[in-house]
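What follows is a single structure, written as C-alpha cells, with notes after it.
Residue numbers (my numbering): 670 to 1226.
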C-alpha cells in the first residue's frame, strides 16, 4: 500500500511504464480474441444488504482505509456457500447496540436468496475487524472461523448446530497488535490445522492523531505512508489438538522476520510435500517462508525471486493469489499493488525459483494504471485456464490532488487466453463493471451450483457486490470436495485433473477466505475425467468421476 508522495514512486513507475509502452504493440497473442466472461451484479435482489463501514475521520487514522476482508464458506453444512463480511467500527470502540458495525453472516438459502443470520449464529462480533479465515480446525466436520482485527483477534468455534462460540481466550489466540489476515494450514503434518496470522504495523491510536501527513498549505491531510511506522513479525499458532494453540513463532523462525504484512498465500511452492507461506508486505520486500519439514521455516523470498519485482524495488503488495496459470503443474503467484507498480506475476520455474512474468503475460501493460486490493485467480469461463479478477481502488482518497492516479475505480477481469498471456475483457464483462468504488476484498465461489464461479466484493462505505457469473457459452466443469482423515477438509491436498492441478486452501485474495473446493473447467470435454488426489500425508488416490458438471466428493480411504 503506497500513498500520496509521488516522488517515492517515480522511478518504479518510470521503469514499469516504459516497459509497458515498449510492449504496447505486442500485448495480444494470436489467441487473445478467443473466449469471454460476463457477470451481472445481483446483490440487491439476494437479500445481502451489507455495507462496509470504515468510519473515516478528518484525522485520517490509517486503519480507516484498510478493512474489507470476507469469507465464503458453508457454515451449516447444507451444501450452499454462505458469506461472512468483516466490518469496521466507530474508532476502536464497539457498541453492540449499533448493528451498523457488526460483522455479518448471510446464509445461502439457494435460488439466489440469502438471510442475515448474524445474531442467531453468535457472530455479532466486536472491535475493528480486517480479515477472515475459515476452516475446520478441530476436525469435527464443521467450518470454524478466525477474524483478524486491530488490537483484537477472534476465534469462533462452530458447534455444528448453526451457532459459533467465541473461544479466543480459552484457545490461546490473543493479540494486542494490528492483524490483517489469517491462514489455516497444517505446517507440521500432524493432521491438525495450524493458524498463521498476518500482522501489519505498530500503530498507536494516540500517536496517529498527532501526525500530519499531506500538504499543510492546502490543508490536505492524507493517510500516512507505512514508512512512518515500525513493522511487525507474523504469528504462527500450533494446534495442540485439545482446543488450544501454542505460539511457536519464535521456535519456527517466523518471528525473526519483521515485515508489514497484508495477505498470505499457502501452497507447496517447491514441490517437497510441505506447505509454504508467501506474505505480501507493504512497501518493504515480501517474504517466502519455505517449510523445512522439521517444524521450522527459512525466509527465501530474495533467493526465490519473489521478494520484489524485476526492477528491484519493493511495491505496495496487497492481496495475493496462487495457482497454476500456465498449466505446467507448478503454483505461481500474483498480487495487487498501486498505480505505477503493476500487479506483479511470478512464474514458478521449479526447485523453489520464480521468474517475474509481468511482461511476457501482458499484465504489466494491462495493470500499470490500476490500483488493486482483492484478487482472484480462477477459471471464470471453464475453459481450463485460470483467469484474474481484481477489486480496485487507490488507498488514498485524496490521491488526485497529488498525482495522476484516481481513487475510485471499477473492477477488472483479465482473461487467460493461453500461452501464458492475459487480455482485459472488463469492457464486455457486464455493465456493472463500469461502477466505480473503493473496492477491497474479493472472493470467488459457485454460489448457485451452476458450475460458474461467482465473485463477491466489498467496498468502503458502499454496499457489497455479488457478481453472478452468466458467461455463455461456458465450458463443462467439475468441482472436487475432499473428506480427509486429517485435516478433514483436505487442506494441503493436491488435486489433479488432466494437466490441471489445484491445492486445497482457503487463504485467498486480500484478507479473505474461500471454500476448500477445487474447481476445474473442462472446456468442450464431456468425458468424465480421472481425478488424482495427493493427500497431505503423501498418499495418492485415483478416482474416475461418475460424470461431469457436478461436485465430486472424495473420501480418503
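Even for Gly, the Cβ is constructed at its ideal location relative to N, Cα and C.
Values in this document were obtained by computation on a predicted structure and should not be read as measured data.
By Cβ distance, which residues of its chain are closer than 7 Å to residue i, with the 5 residues on each side in sequence left out?
{"i": "residue 1036", "result": "1011 and 1012"}
{"i": "residue 739", "result": "752, 753, 754, 755, 801, 1110, 1112, 1125, 1127 and 1181"}
{"i": "residue 973", "result": "957, 1021, 1022 and 1023"}
{"i": "residue 1142", "result": "none"}
{"i": "residue 969", "result": "957, 959 and 1021"}
{"i": "residue 1137", "result": "708, 709, 711 and 1123"}
{"i": "residue 979", "result": "1025"}
{"i": "residue 692", "result": "In this prediction, residue 692 has a pLDDT of 40, which is less than 50 and means its spatial position is unreliable; what the coordinates show is noted afterwards. Within the same chain, residue 692 has close Cβ partners 1028 and 1034."}
{"i": "residue 1220", "result": "1148 and 1150"}
Tell me which same chain residues have a C-beta within less than 6 Å of the C-beta of residue i, skipping the five on either side of it?
{"i": "residue 1210", "result": "1202"}
{"i": "residue 1186", "result": "1148 and 1150"}
{"i": "residue 1154", "result": "1225"}
{"i": "residue 977", "result": "954 and 983"}
{"i": "residue 1026", "result": "1014 and 1016"}
{"i": "residue 1171", "result": "1164 and 1187"}
{"i": "residue 1206", "result": "none"}
{"i": "residue 720", "result": "1132"}
Considering only their Cβ atoms, is the gap separating residue j from residue i smaller than 8 Å?
{"i": "residue 1130", "j": "residue 1042", "result": "no"}
{"i": "residue 1117", "j": "residue 1021", "result": "no"}
{"i": "residue 811", "j": "residue 804", "result": "no"}
{"i": "residue 709", "j": "residue 1139", "result": "yes"}
{"i": "residue 1087", "j": "residue 1144", "result": "no"}
{"i": "residue 824", "j": "residue 840", "result": "yes"}
{"i": "residue 1085", "j": "residue 1121", "result": "no"}
{"i": "residue 1105", "j": "residue 1078", "result": "yes"}
{"i": "residue 932", "j": "residue 1178", "result": "yes"}
{"i": "residue 1061", "j": "residue 1081", "result": "yes"}
{"i": "residue 966", "j": "residue 921", "result": "yes"}
{"i": "residue 787", "j": "residue 716", "result": "no"}
{"i": "residue 1064", "j": "residue 892", "result": "yes"}
{"i": "residue 744", "j": "residue 774", "result": "yes"}
{"i": "residue 1184", "j": "residue 741", "result": "yes"}
{"i": "residue 923", "j": "residue 908", "result": "no"}
{"i": "residue 1044", "j": "residue 1032", "result": "no"}
{"i": "residue 791", "j": "residue 733", "result": "no"}
State the start and end residues of the unbroken alpha helix (DSSP H) segment that holds residue i.
{"i": "residue 639", "result": "With the chain represented from 670 up to 1226, any question about residue 639 goes unanswered, as that position is not in the structure."}
{"i": "residue 713", "result": "712-715"}
{"i": "residue 838", "result": "837-840"}
{"i": "residue 790", "result": "787-790"}
{"i": "residue 1007", "result": "It is not in any alpha helix (DSSP H) - residue 1007 carries neither H nor E in the DSSP assignment."}
{"i": "residue 844", "result": "Here residue 844 belongs to no alpha helix (DSSP H), and DSSP marks it neither H nor E."}
{"i": "residue 918", "result": "918-921"}
For residue i, write down the residues that DSSP places opposite it in a beta bridge.
{"i": "residue 1131", "result": "1128"}
{"i": "residue 1152", "result": "1224"}
{"i": "residue 991", "result": "1002"}
{"i": "residue 1099", "result": "Looking at the DSSP assignment, residue 1099 forms no beta bridge with any residue, so it has no partner."}
{"i": "residue 784", "result": "776"}
{"i": "residue 1242", "result": "Nothing about residue 1242 can be read from this structure; the chain reaches only from 670 to 1226."}
{"i": "residue 1145", "result": "1192"}
{"i": "residue 881", "result": "None, per the DSSP bridge assignment."}
{"i": "residue 1182", "result": "740 and 1176"}
{"i": "residue 1023", "result": "1017"}
{"i": "residue 826", "result": "834"}
Apart from the five residues on each side of it in sequence, which residues of its chain come closer than 8 Å, Cβ to Cβ, to residue i?
{"i": "residue 780", "result": "1117"}
{"i": "residue 901", "result": "846, 847, 868, 869, 870, 871, 927, 928, 929 and 930"}
{"i": "residue 1018", "result": "999 and 1024"}
{"i": "residue 1076", "result": "1062, 1063, 1065, 1066, 1067, 1068, 1069 and 1107"}
{"i": "residue 837", "result": "822, 823, 824 and 843"}
Terminal residues of the continuous beta strand (DSSP E) containing residue i?
{"i": "residue 1067", "result": "Premise fails: residue 1067 is in no beta strand (DSSP E) and is neither H nor E."}
{"i": "residue 904", "result": "904-908"}
{"i": "residue 804", "result": "798-804"}
{"i": "residue 970", "result": "Element bounds for residue 970: not the beta strand (DSSP E) but the alpha helix (DSSP H), 970-973."}
{"i": "residue 936", "result": "930-936"}
{"i": "residue 1217", "result": "Neither: residue 1217 is in no beta strand (DSSP E) and is coded neither H nor E."}
{"i": "residue 1203", "result": "1199-1203"}
{"i": "residue 752", "result": "751-754"}
{"i": "residue 1111", "result": "1108-1114"}
{"i": "residue 1231", "result": "This structure leaves residue 1231 out entirely; the chain is present only between 670 and 1226."}
{"i": "residue 818", "result": "813-818"}
{"i": "residue 945", "result": "945-950"}
{"i": "residue 1044", "result": "1041-1047"}
{"i": "residue 1084", "result": "1081-1087"}
Of all the CB atoms in chain C, is at least one closer than 8 Å to the CB of residue i?
{"i": "residue 1061", "result": "No chain C appears in this structure, which consists of one protein chain only."}
Contact defined as beta carbons within less than 8 Å: I believe residue i pairs with residue j. What is the distance between those atoms, to the nearest angstrom?
{"i": "residue 957", "j": "residue 865", "result": "At roughly 13 Å, the Cβ-Cβ gap does not stay under 8 Å, so residue 957 and residue 865 are not in contact."}
{"i": "residue 1164", "j": "residue 1173", "result": "7 Å"}
{"i": "residue 936", "j": "residue 1000", "result": "4 Å"}
{"i": "residue 986", "j": "residue 951", "result": "7 Å"}
{"i": "residue 758", "j": "residue 770", "result": "5 Å"}
{"i": "residue 706", "j": "residue 772", "result": "Between residue 772 and residue 706 the Cβ distance is about 30 Å, and since that is not below 8 Å, they are no contact."}
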